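One structure is given below, encoded as structure tokens.
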Amino acid sequence: MKAILIQMLLFLSIGQVVRSQPNETNLKPAKSWRAIYIKKVYNEHGNPRNDLRIVNESDKRFIGIRYSEDMGAKYGTAYAFRRDIPDGTYRIYIDSLFSSENTYVNGKQHGYSSSSGPSGYLTELLYDHGTLVDVSRTTFP
4 MKAILIQMLL FLSIGQVVRS QPNETNLKPA KSWRAIYIKK VYNEHGNPRN
54 DLRIVNESDK RFIGIRYSED MGAKYGTAYA FRRDIPDGTY RIYIDSLFSS
104 ENTYVNGKQH GYSSSSGPSG YLTELLYDHG TLVDVSRTTF P
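Just so we're aligned: 60 in the numbering used here is position 57 of the sequence shown, and the numbers increase by one with no gaps anywhere.
Written as structure tokens, this is what we have:
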């Protein structure tokens, strides 16, 4: 257990994390990770509906949109990674804003993971072959 924690701390000290929202110049993915873009669906009045759409159809092999439904109304809409996801690092952008970065090995989260919350904080998680090892939260001004 000590060896795993030491390896994870070493990984954290070397790893890089996106700590800012992308702008028009840095939306293009680097070679080491895959960017997946999701759009919120808006109604005719410009208000967001409780629905999401994957921009690139080929990205549906990595993630899916999940929701609950009651009498025809959708709620609890979110994206979820597929169980058979190929190894690699994936960054999710919703309406061109950073949402999360996750690394998968053998279909399980492994290594450093981060996600952006609605109030601007960034939650950072550390996984070891699908097991959550550490949690920290950084709040931005």
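Cβ atoms here follow ideal geometry from the backbone N, Cα and C, with glycine treated the same way.
Computed from a prediction, not measured in an experiment: that's the story for all the values here.
message: Going by DSSP in three states, Asp62 sits in which element: helix, strand or coil?
response: helix
Query raised in the report: So what does DSSP say about Glu47, is it helix, strand or coil?
Result: coil
**Request:** Assuming Asn53 contacts Thr80 (C-beta within less than 8 Å), just tell me the rounded distance between them.
**Result:** 5 Å
ask   = Do Arg64 and Tyr82 come within 9 Å of each other at the CB atom, strictly closer than that value?
value = no
Taking the beta strand (DSSP E) that Ser103 belongs to, which residues open and close that run? Leu100 to Val108
Residue closest to Ser99, alpha-carbon to alpha-carbon, out of Tyr45, Asn46, Val58 and Pro51
Val58
* Minimum C-alpha distance to Asn46 - residue among Ala38, Tyr40, Ile39 and Leu55 -> Leu55
Ile41 versus Ser139, Asn109 and Phe101, residue with shortest Cα-Cα distance: Phe101
Do you know whose CA, among Thr141, Gly49 and Lys111, lies nearest Ser122's CA? Thr141
Problem - Helix, strand or coil at Ile88 according to DSSP, with G and I counted as helix - result: coil
Cβ neighbours of Lys43 in the same chain (closer than 7 Å, five flanking residues each side left out) = Pro51, Leu55, Ile97 and Asp98
Bridge partner(s) assigned by DSSP for Ser35: Beta-bridge pairing links Ser35 to no other residue.
Should Leu129 and Ser118 be called a contact, given that it needs their Cβ atoms to be closer than 9 Å?
no
(message) Tell me the rounded alpha-carbon separation between Tyr107 and Ser139.
(response) 20 Å
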